[in-house]
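The structure appears right after this line, and notes come after that.
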Amino acid sequence: MSSGLHIQPKREFNYKLLAFFVVLCIFGGMIAWYGWRYYIAGELPPIPIPISAGRTGIDETSVSASQKQKHTTSGSQPKFLTIESLNVNQARVFPVGLRGNNEVDMPKNINDVGWYSKSSQPDEDISVVLLSGHNTGIEKDGVFKNLSKLSDNSKITIRRGDDRNINYIVKSVKIVRVEDFNSAATSEITKPIDETKQGVTLISDLGNWIPAKGTYDHRVIVRASEI
2 MSSGLHIQPK
12 REFNYKLLAF
22 FVVLCIFGGM
32 IAWYGWRYYI
42 AGELPPIPIP
52 ISAGRTGIDE
62 TSVSASQKQK
72 HTTSGSQPKF
82 LTIESLNVNQ
92 ARVFPVGLRG
102 NNEVDMPKNI
112 NDVGWYSKSS
122 QPDEDISVVL
132 LSGHNTGIEK
142 DGVFKNLSKL
152 SDNSKITIRR
162 GDDRNINYIV
172 KSVKIVRVED
182 FNSAATSEIT
192 KPIDETKQGV
202 TLISDLGNWI
212 PAKGTYDHRV
222 IVRASEI
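Heads up: the sequence shown begins at 2 in our numbering, then just goes up one per residue.
Structural data, given as structure tokens:
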């Protein structure tokens, strides 16, 4: 049996492993921070991180000429919308209601237009025809992609179910924050801009998508008068 001095080998501190964990923690923190900012405020991160828009139930299918030909509505209800200056040519119009936040809902297909069914029908009274449409989908642009670029005096045409064309001329184009799109703004868009003529109001989302709110952070409001 031997007895003697046993010397334990010295363990060196692994600085490379420590550096790896530090970098990993920093990167993870950045992902969490930017992901959170995107979720609550729609701020796009400066670095590519795995985030999900969370938008579902949107139909981006193209609308064929045959589908347009088969589209019908009754009497004085709006059937098609045309805005030549935006290359919107006979977009189908479907009746819609209100969202949970009391905003006018959108049609399922990004190429279609929604008509708030409790608003006026074209050329029926001196009130407002209220229309809505998508700015964009998940991968494709919507029917109102360029709505904010519409200029004063541009022409808007609504074709009714009886195939009468009712024309309107743009009087106002406004972009507002979603926070400002409140009861005051809602009151404004439901009144004709010229009290002696029927009006039409077009509404679309704009800006950054905010997953926490399930909506975009701005609205485009176009108001026009019948001619």
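Heads up, the beta-carbon is just placed ideally off N, CA and C, and yes, glycines get one too. As the structure is a prediction and not an experimental result, all values here were calculated from the model.
Quick check on residue i: does DSSP put it in helix, strand or coil?
i              : result
valine 179     : helix
glutamate 85   : helix
isoleucine 27  : helix
alanine 213    : coil
leucine 207    : strand
isoleucine 151 : Before going on, a small fix: residue 151 reads as leucine here, not isoleucine. Correct three-state label for leucine 151: coil.
serine 188     : helix
lysine 17      : helix
Where does the unbroken beta strand (DSSP E) through residue i begin, and where does it stop?
i             : result
alanine 66    : Here alanine 66 belongs to no beta strand (DSSP E); instead the alpha helix (DSSP H) covers 66-71.
glutamate 227 : 216-227
threonine 74  : Run containing threonine 74: none; DSSP gives neither H nor E here.
valine 144    : No beta strand (DSSP E) contains valine 144, which DSSP labels as neither H nor E.
lysine 156    : 156-161
serine 133    : 129-134
valine 114    : 114-117
Hey, residue i and residue j are a contact pair by Cβ (cut 8 Å); roughly how many whole angstroms apart?
i              : j             : result
glutamine 199  : serine 121    : 7 Å
isoleucine 167 : glutamate 227 : 7 Å
leucine 148    : leucine 203   : 6 Å
valine 223     : valine 174    : 5 Å
valine 171     : serine 155    : 4 Å
serine 128     : proline 193   : 7 Å
leucine 87     : leucine 18    : With 8 Å as the limit, leucine 87 and leucine 18 do not qualify as a contact, their Cβ atoms being about 59 Å apart.
When the Cα of residue i is compared with those of the options, which residue comes out closest?
i              : options                           : result
isoleucine 159 : Gln68, Asp60 and Gly76            : Gly76
aspartate 60   : Arg165, Val130, Ser152 and His135 : His135
valine 221     : Lys146, Gly215 and Ile194         : Lys146
threonine 62   : Val97, Ile190 and Gly143          : Gly143
valine 130     : Pro79, Ala66 and Phe182           : Pro79
threonine 73   : Val24, Arg161, Ala20 and Asn103   : Arg161
valine 94      : Lys192, Thr197, Lys156 and Lys69  : Lys69
tyrosine 169   : Thr191, Phe182, Lys150 and Asp195 : Asp195
valine 97      : Lys172, Pro193, Glu189 and Leu132 : Leu132
isoleucine 190 : His219, Arg165 and Ala225         : Ala225
alanine 138    : Asn90, Leu207, Glu125 and Lys150  : In the sequence under discussion, the amino acid at residue 138 is glycine, which differs from the alanine named in the question. For glycine 138, the nearest C-alpha among the options comes from Leu207.
aspartate 126  : Ala213, Phe22, Gly58 and Val201   : Val201
asparagine 103 : His219, Gly58 and Phe182          : Phe182
serine 205     : Glu140, Trp116 and Ile27          : Trp116
glutamine 91   : Asp164, Phe22, Tyr217 and Lys17   : Asp164
glycine 215    : Gly101, Leu151, Thr197 and Ile157 : Gly101
asparagine 112 : Asp124, Pro123 and Val89          : Val89
isoleucine 157 : Pro123, Lys141 and Glu140         : Pro123
Can you find a heavy atom of the ligand GDP that lies under 8 Å from the Cβ of residue i?
i           : result
proline 212 : With respect to the ligand GDP, the structure offers nothing, as it holds no ligand at all.
Taking 9 Å as the CB-CB cut-off, is residue i touching chain B?
i          : result
valine 177 : Considering every chain present, this structure includes no chain B. It has just one protein chain.
Please confirm if the region 105-112 is in contact with the region 168-181, defined as three or more CB-CB distances below 8 Å between the two stretches. Proximity of the region 105-112 to the region 168-181 falls short of the contact definition, fewer than three beta-carbon pairs being nearer than 8 Å.
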